[in-house]
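In the working numbering, the protein residues as written are 290 to 624. From the three backbone atoms N, C-alpha and C, an ideal C-beta is built for every residue, glycine too. All values reported here derive from a predicted model rather than from experimental measurement.
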Amino acid sequence: MSQIRGLSIILFLAVLVGLFAGSAVAHEGGKAQPRISAQANGTGFNRTLIVRLNDLDTGDPISGATVKVRTQMTRPHVMTLIPRTIPERAPQGTYSIPYTFVMPGDWEAEFEVTGAKVISAKASLAVPVAQTPLPPGETTRPPQALPTRLETEVTGRDWVTMAVLWVHGLASLGWIVGVIVMAIALSVPPLLREGTRGAISAWYRGWGAWAHWAAVPLIVATGIYNIVYVTPFKLAVTPDAIDNLSNIAYGRTYEAILLVKLALFVVLLLTGTTVLVRTIQPRPLASGLGPVRMLVAALGPAGIVYLATVPLILAAAMALRYIHILSHVAEVINT
């Protein structure tokens, strides 16, 4: 009895920690998705290539990335120059380099962005090079937001994420169904003989509860991983960040559903603990009860709430996944 209560308190604290952990890096795969803007300042052959990187979700500048440029002329004939790395300069998230196009023609500059904290991406900028100057009064052209192509190859991190999602689903299913099975098996007299019921109850009071409830920290750990690496944008935890959710496609809806799902899990944890404490010390049931009334009496109020919460948390999980997909689609359309 005391072991069950102590275990439930520890797991409840773990859930509370999980609600607030890891939101600071909640991008796809824990990496920022870059929006690439670029310009080629100057006239004639000598230009300054300027690249600005911003987070697709928050708009914040991305610093510390590796930016390379590869230029190719397509007219009057094909010519490709050696790729060069563009260093980062002030202000933050700005990369620039003096660049010489060796002859007049239609040039294309392809920018490649890589790095440990950014999803690899590419974008191209057309740079017509002529010996004629810019129109009168025009000295520079503003940065042009470029169609950005994110890498779509499945990486090692993707395989890890799929495995974690699989473990998260298995652990959740095993724990949720296990609570119901144990409650019914140990509380409803016709299901098991007295000797068998007593043996199972003793086993569960001993170390079976620890084995069963070991699924809960696994659920919490894999859930934190999902918040950190699967959430499609940086979660809002401050008032300013919450206000900024309006600028993110489905941002408010996603975060609201996520909070509802976490709250429902806490309800499952509390009611599940109550059900199992009640189960290992069952009360005598009145004779002559039908199957439904016997089940209701065995589960008690906490068990009824538990059963009602299960389809609700499944609905929240499915809604969260659907909004996740819509968020990514909106990002592509708005890019």
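For A315, count neighbouring C-beta atoms within 10 Å of its own C-beta (all shown protein chains included) and say buried if the count is 16 or more, exposed if not. In this predicted model, A315 has a pLDDT of only 44, less than 50, meaning its place in the structure is not dependable; the value taken from the coordinates is given anyway. It counts as buried.
How many Å lie between R364 and E397 at the Cα? 10 Å
Rounded to whole angstroms, what is the Cα-Cα separation between D346 and R373? 28 Å
If we ignore side chains and look at the alpha-carbon of each, how far apart do I612 and K523 end up? 15 Å
Does the beta-carbon distance from S385 to I375 come in below 8 Å? yes
Taking V340 and F390 to be in contact with their CB atoms under 8 Å, please state how far apart those CB atoms are, rounded to whole angstroms. Actually they are not in contact, since the Cβ atoms of V340 and F390 sit about 16 Å apart, beyond 8 Å.
How would you write the range of the beta strand (DSSP E) that I325 sits in, first residue to last? 323-330
When the distance is taken between beta carbons, is K550 closer than 8 Å to L609? yes
Could you check where the beta strand (DSSP E) with D344 kicks off and where it finishes? 335-344
Taking only the alpha-carbon atoms, compute the straight-line gap between T355 and N343 and give it to the nearest angstrom. 14 Å
Quick check for students: name the residue ranges of the beta strand (DSSP E) that lie wholly in the region 336-421, counting only runs of 3 or more. 355-364, 373-375, 383-389, 394-403, 410-418
Ignore the nearest five residues each way along the sequence and tell me which others in S312's own chain have a CB closer than 6 Å to its CB. Low per-residue confidence applies at S312: pLDDT is 40, beneath 50, and the placement is therefore not dependable, though the value from the model is reported in the following sentence. Cβ neighbours of S312 beyond the five flanking positions: L524, V526.
Would you mind stating whether L557 and A498 have Cβ atoms separated by less than 8 Å? no
Please tell me whether I537 and A410 are closer than 8 Å, where the distance is taken between their beta carbons. no
Does Q328 pass the burial test, meaning 16 or more other C-beta atoms within 10 Å, or should it be called exposed? buried
Hey, quick one: how far does the alpha helix (DSSP H) through Y539 stretch, first residue to last? Per DSSP, Y539 belongs to no alpha helix (DSSP H) and is neither H nor E.
Skipping 5 residues on each side, what residues in its chain have a beta carbon closer than 7 Å to that of A419? P393
Proximity to T562 [Cα-Cα], best of A472, N515, S413, G512: A472
Integer Cβ distance of A504 from G463, believed to fall under 8 Å: 5 Å
Of the residues R541, A460, H501, L548, the one placed nearest V509, counting alpha carbons only: A460
Nearest to L454 by CA position, among Q322, A606, P323, F334, is which residue? A606
Count the other CB atoms within 10 Å of the CB of Q322; is the residue buried (16 or more) or exposed (fewer)? buried
May I ask you to report which of helix, strand or coil DSSP gives F554? helix
For P521, the three-state DSSP class (helix, strand or coil): coil
Three-state secondary structure assigned by DSSP to E442: coil
Once DSSP output is grouped into helix, strand and coil, what is the label at A597? helix
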